[in-house]
Amino acid sequence: MTTTATHSDSSVTVDTSVETYSGTKSVVFFKTDGTYGGLSNMCGGFPLSVNGIEIRNSESLYQSCRFPDHPEVQRLIIDQTSPLLSKNVSKPHRKDKTRSDWGEVQVEVMWWCLRVKLLQNWNEFGGLLWMSGQRPIVEESRKDTFWGTKSTGEGTLVGSNVLGKLLMELRHRYLTDKGSLRIVDPPGIPSFRLMGEDIGTLTTA
63 MTTTATHSDS SVTVDTSVET YSGTKSVVFF KTDGTYGGLS NMCGGFPLSV NGIEIRNSES
123 LYQSCRFPDH PEVQRLIIDQ TSPLLSKNVS KPHRKDKTRS DWGEVQVEVM WWCLRVKLLQ
183 NWNEFGGLLW MSGQRPIVEE SRKDTFWGTK STGEGTLVGS NVLGKLLMEL RHRYLTDKGS
243 LRIVDPPGIP SFRLMGEDIG TLTTA
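Numbered according to my numbering, the sequence shown spans residues 63 to 267.
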């Protein structure tokens, strides 16, 4: 199964099928304080700004995008002091307030969030992508095998690793066509808003 995220300036196609990765031959990130912990959305220290609104991390931005019609929920998420808190405070609102097409657009939104993270943290985040070389990038998780993988306990990790695949595509573009990443258009989806305002194109200063 594949999912395509399309933008006016770029698109990415992600194979969401389950795959097996070697733990020793991959760049694996699990804890945010590890060498490659900054690849995780749960890592702080990569501040963002969208529509003039300061956002502490990419997880807060991603979770906010679930609720374009509920700026009060977005504000609650953005005001949290850590990625984990942002994720947790969103949970009580997901059943009734999440955008109805979230299952169809979540990969596209994640791709956009990663591009914003790179655009606004070019040296630090780009440096991590560069350091990973050509090895597979794999998120290890205790339970999420869509965005990440689970360890088999035998030196391999199994899962769809969608976040890792998006990061590998971002790395490829960073290494081969940096200019294309200096402008980030909003996803081509309806009702893409933050705090009641449409999100526009982002560029470097």
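Think of the CB as a built atom: it goes at the ideal place given N, C-alpha and C, for glycine as much as any other residue.
Whole-angstrom distance between residue j and residue i, CA atom to CA atom
i: N113; j: E216; result: 46 angstroms
i: V224; j: S88; result: 15 angstroms
i: L30; j: S126; result: No information on residue 30 is available, as it lies outside the stretch 63 to 267 that the chain covers here.
i: Q196; j: I139; result: 35 angstroms
i: G85; j: D95; result: 18 angstroms
i: L228; j: T97; result: 19 angstroms
i: D163; j: P249; result: 13 angstroms
i: S148; j: Q142; result: 5 angstroms
i: T82; j: T218; result: 7 angstroms
i: G258; j: H132; result: 8 angstroms
i: V178; j: R137; result: 19 angstroms
i: F108; j: G226; result: 18 angstroms
i: V167; j: N150; result: 21 angstroms
Neighbour-count burial assignment, residue i, 16 or more Cβ in a 10 Å radius
i: S70; result: Confidence in S70 is poor, its pLDDT being 38 and thus under 50, which makes the residue's placement too unreliable to answer from.
i: T238; result: exposed
i: S253; result: exposed
i: P145; result: buried
i: P154; result: exposed
Beta strand (DSSP E) segment containing residue i, residue limits
i: D247; result: Unbroken run through D247: none, as it is neither H nor E.
i: G221; result: T218 to G221
i: S73; result: S73 to D77
i: L110; result: L110 to V112
i: E201; result: I199 to E201
Integer Cβ distance of residue i from residue j, believed to fall under 8 angstroms
i: R204; j: T160; result: Not quite, the Cβ-Cβ distance comes to about 23 angstroms (not below 8 angstroms), so this is no contact.
i: L232; j: L181; result: Going by Cβ atoms, the distance from L232 to L181 rounds to 11 angstroms, so no, they are not a contact pair.
i: W173; j: V246; result: Wrong, their Cβ atoms sit about 10 angstroms apart, outside the cutoff.
i: V200; j: Y124; result: About 19 angstroms separates the two Cβ atoms, so there is no contact after all.
i: L256; j: L190; result: 26 angstroms between Cβ atoms; not a contact.
i: E202; j: F91; result: 7 angstroms
i: T266; j: R235; result: Not confirmed; about 15 angstroms, so no contact.
i: G221; j: V80; result: 6 angstroms
Endpoints, alpha helix (DSSP H) assigned at residue i
i: V80; result: Where V80 is concerned, there is no enclosing alpha helix (DSSP H), given that its DSSP letter is neither H nor E.
Alpha helix (DSSP H) runs contained entirely in the segment 136 to 170, provided each spans 4 or more residues: 145 to 152 and 156 to 159
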